[in-house]
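K.L.:
Residue numbers (full-length UniProt numbering): 1 to 141. Idealized CB from N, CA, C, for every residue including glycine. Sending over a structure as structure tokens; questions will come in a sec.
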Amino acid sequence: QDGGQYISLQKGSCVYHRTVQHEVLHALGFDHEQVRSDRDDYVQILFENIQEEFKFAFEKKITNNLGTPYDFYSVMEYDNYAFTKNQQPTILARIDPYLPIGNAREMSVNDITRINRLYQCGYGIKGSASRNLTSKKKFKF
Numbered sequence: 001q002d003g004g005q006y007i008s009l010q011k012g013s014c015v016y017h018r019t020v021q022h023e024v025l026h027a028l029g030f031d032h033e034q035v036r037s038d039r040d041d042y043v044q045i046l047f048e049n050i051q052e053e054f055k056f057a058f059e060k061k062i063t064n065n066l067g068t069p070y071d072f073y074s075v076m077e078y079d080n081y082a083f084t085k086n087q088q089p090t091i092l093a094r095i096d097p098y099l100p101i102g103n104a105r106e107m108s109v110n111d112i113t114r115i116n117r118l119y120q121c122g123y124g125i126k127g128s129a130s131r132n133l134t135s136k137k138k139f140k141f
């Protein structure tokens, strides 16, 4: 599309590695992991624990998952207590309800693979860099 894409980051609260990556992925066209069309196979959304004004952020959407599996470690995944109204979990992993999710500090291999696939940059990471995005090793991103 014509024009630019704005990314809003608030000094002192949003300028963290994970948050910047998360917002850049939104600008590139990616949505939250927990809204994937296949999410019910992987997570349980506990709407009764979500603040009313944030329930929209958990509504399932029709998504193109670019041939990648659900990723509990994506920077696009909310944590287990995101927008809780009662200190109870809002998202539980079906494979293990005690699995902590949504705590990634940097993009996962799947996050990078999805960017490369969507923008036809190749498939996956080039070289041996896998999780360390500050590495000097080359990869397509």
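Measure the alpha-carbon distance for Asn64 versus Gln10 and round it to whole angstroms.
P.N.:
Cα to Cα, Asn64 sits roughly 30 angstroms from Gln10.
K.L.:
Please report how far the alpha carbon of Lys60 lies from the alpha carbon of Asp40, in whole angstroms.
P.N.:
So the two alpha carbons sit approximately 9 angstroms from each other.
K.L.:
Report, in whole angstroms, the separation of the C-beta atoms of Ala93 and Tyr42, which I expect to be a contact under 8 angstroms.
P.N.:
Contact flag correct, Cβ pair sits at about 7 angstroms.
K.L.:
Answer yes or no: the CB of Glu77 versus the heavy atoms of the ligand MG, is any distance below 7 angstroms?
P.N.:
Looking for the ligand MG in the displayed structure turns up nothing, as the structure carries no ligands at all.
K.L.:
Can you find the residues in the same chain that come closer than 8 angstroms, C-beta to C-beta, to Asn49, ignoring five residues on each side of it along the sequence?
P.N.:
For Asn49, where only same-chain residues beyond five positions count, the Cβ hits under 8 angstroms are Thr84, Lys85, Asn86, Gln88, Pro89 and Thr90.
K.L.:
Drop a sphere of 10 angstroms on the beta-carbon of Phe30, count the other beta-carbons inside from all chains shown, and report buried for 16 or more, exposed for fewer.
P.N.:
With 16 or more other Cβ atoms within 10 Å, it is buried.
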